[in-house]
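Numbering (this note's numbering), first residue to last: 2 to 307.
Notes to accompany the following structure.
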Ligand SMILES: [Ca+2]
Ligand SMILES: [Ca+2]
Ligand SMILES: [Ca+2]
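Structure representation (structure tokens):
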């Protein structure tokens, strides 16, 4: 029996050795010393942490210790306080924005005229920055202002008429039609082989021929229409038609109109209008000779009739 005790004691002692490395919870409950030590040890950090956090949270509003944390928050507050600077920045930005807007508005408001300065050379004109060729005249924009209906020289060579552009823009007469009420009643398509430009306020002469030796000494004939168009001595019509628009029409006859053999008729400069020139009273017999026994001012201004 005596031997058994030591065994049980040793058996009891063995678990004690295993306890050291094993969980302290069960052993700790038995071992008062180790329990208090370990619990104190483990308690301290935990309690410390919670205590600190409690203190911190409690001190957030009161203690200066919590300020670091609160400081951070304060920093945010400061940042917010700095936000007081932000408004300034915002204000500045706002000002800048409004300035920029003002600048934009002024740049938008300022119209840019692509035709100023005018990049085009006459007879082209500027439209939205593009150089446009002259177009054909509309009704009444180009009118007939003088005619040699019955020349002393042969009618086949020496008839002519003068046109005036009474607008402030260039026109191209190439492609227009000359029509009359003559025996043949042929329309003549103006084919100048290129632009036949009449300048603003300008005048041009069209004749049967451009040969000055044949037409009565007229050198500056802009276009020769030959025999398809004529000014019939017994009465006829002069019609300038462009793009199917009668730009000007004048019907004449020898009884009431002041032309005669070798005497041209001219429109009074005060009657330069497509309707006014329909009336014989707006015309008068040309006085000065441009060629022996031929009166008129081909290519030059008409003097007043009275
Ligand atoms: Ca004639
Ligand atoms: Ca007319
Ligand atoms: Ca003239």
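For every residue, glycine included, the Cβ atom is placed at its ideal position computed from N, Cα and C.
Rounded to the nearest angstrom, how far is the Cβ of residue 254 from that of residue 236, given a contact under 8 Å?
That pair is a contact at about 3 Å.
Contact under 7 Å by Cβ, residue 276 with residue 238:
At the C-beta level, residue 276 and residue 238 stay beyond 7 Å of one another.
Is the Cβ-Cβ distance between residue 227 and residue 161 less than 7 Å?
Taking 7 Å as the cut-off, the beta carbon of residue 227 is found no closer than this to the beta carbon of residue 161.
Ligand 3 heavy atom lying under 6 Å from the CB of residue 163
Yes, since a heavy atom of ligand 3 falls inside the 6 Å radius drawn around the Cβ of residue 163.
Considering just the uninterrupted stretch of the alpha helix (DSSP H) at residue 156, what are its terminal residues?
Bounds of the alpha helix (DSSP H) holding residue 156 are 156-159.
Return the Cβ separation of residue 175 and residue 193 in integer angstroms, given the expectation that the two are a contact with Cβ distance under 8 Å.
Distance from residue 175 to residue 193 at the Cβ level is roughly 5 Å; contact confirmed, criterion being Cβ atoms closer than 8 Å.
Give me, in chain order, the residues of the same chain whose beta-carbon lies closer than 7 Å to that of residue 262; leave out the 5 immediate sequence neighbours on both sides.
The residues are 151, 153.
Per DSSP, what are the beta-bridge partners of residue 198 in this structure?
173.
To the nearest angstrom, how far is the alpha carbon of residue 290 from that of residue 163?
The straight-line gap from Cα to Cα measures roughly 16 Å.
State yes or no: is the C-beta of residue 147 nearer than 6 Å to some heavy atom of ligand 3?
Answer for residue 147: yes, Cβ within range of ligand 3.
Report yes if the C-beta distance between residue 130 and residue 115 is below 7 Å; otherwise report no.
Yes. Within cutoff.
DSSP three-state call for residue 125: helix, strand or coil?
DSSP, reduced to helix, strand and coil, places residue 125 outside both helices and strands of the structure shown, so it counts as coil.
Counting only C-beta atoms, is residue 238 closer than 7 Å to chain C at any point?
Within the model displayed, chain C is absent; a lone protein chain is all it includes.
Assuming residue 145 and residue 232 make a contact with CB atoms under 8 Å, what is their CB distance in whole Å?
Taking the Cβ atoms as the reference, residue 145 lies roughly 10 Å from residue 232, outside the contact range of under 8 Å.
Can residue 296 be considered in contact with ligand 3, in the sense that its beta carbon sits closer than 6 Å to one or more heavy atoms?
Answer for residue 296: no, Cβ out of range of ligand 3.
Where do the ends of the alpha helix (DSSP H) carrying residue 214 lie?
It spans 213-216 - the alpha helix (DSSP H) in which residue 214 sits, taken as one unbroken run.
What does the alpha-carbon distance come out to for the pair residue 251 and residue 112?
Here the alpha carbon of residue 251 sits roughly 46 Å from the alpha carbon of residue 112.
Taking C-alpha atoms, which residue in 171, 156, 283 lies nearest to residue 137?
Ranking 171, 156, 283 by Cα distance to residue 137 puts 171 first.
So, with DSSP's three-state summary, where would you put residue 136?
Annotated three-state conformation of residue 136 is strand, per DSSP.
Here's a check: name, in chain order, each residue in its chain whose Cβ is nearer than 8 Å to the Cβ of residue 285, leaving out the five neighbours to either side.
Hits under 8 Å: 259, 266, 267, 269, 306, 307.
Within 10 Å of its beta-carbon, does residue 122 have 16 or more other beta-carbons around it, so buried, or fewer, so exposed?
Counting Cβ neighbours within 10 Å, residue 122 comes out exposed, since fewer than 16 surround it.
Let's test the definition: count the other Cβ atoms within 10 Å of the Cβ of residue 95 and tell me whether it reaches 16, buried, or not, exposed.
Bear in mind that the predicted position of residue 95 carries a pLDDT of just 39, short of 50, making it unreliable; the figure below should be weighed with that in mind. Residue 95 comes out exposed.
Beta carbon shell of ligand 2 at less than 7 Å from a heavy atom
My final list is 144, 249, 250, 251, 275, 276, 278, 279.
From which residue to which residue does the beta strand (DSSP E) around residue 1 run?
One cannot answer for residue 1 here, as it falls past the ends of the chain, which runs 2 to 307.
Where residue 234 falls: helix, strand or coil (DSSP):
In the structure shown, residue 234 sits in coil (DSSP, three-state: anything other than H, G, I, E or B).
Taking only three categories from DSSP, how would you classify residue 296?
For residue 296, the secondary structure class from DSSP, reduced to helix, strand or coil, is strand.
Have a look at residue 293 and residue 278 and give me their C-alpha separation to the nearest angstrom.
Distance between the alpha carbons of residue 293 and residue 278: 27 Å.
Starting from residue 313 and walking both ways along the beta strand (DSSP E), at which residues does that stretch end?
Lying outside 2 to 307, the shown extent of the chain, residue 313 is not represented and no answer is given.
Helix, strand or coil at residue 131 according to DSSP, with G and I counted as helix:
In the structure shown, residue 131 sits in a strand (DSSP, three-state: E or B).
Run the Cβ filter for me: residues under 6 Å from any heavy atom of ligand 1, listed in the order they occur in the chain.
The set of residues with a C-beta under 6 Å from any non-hydrogen atom of ligand 1 comprises 150, 151, 156, 160, 231, 232, 233, 234, given in chain order.
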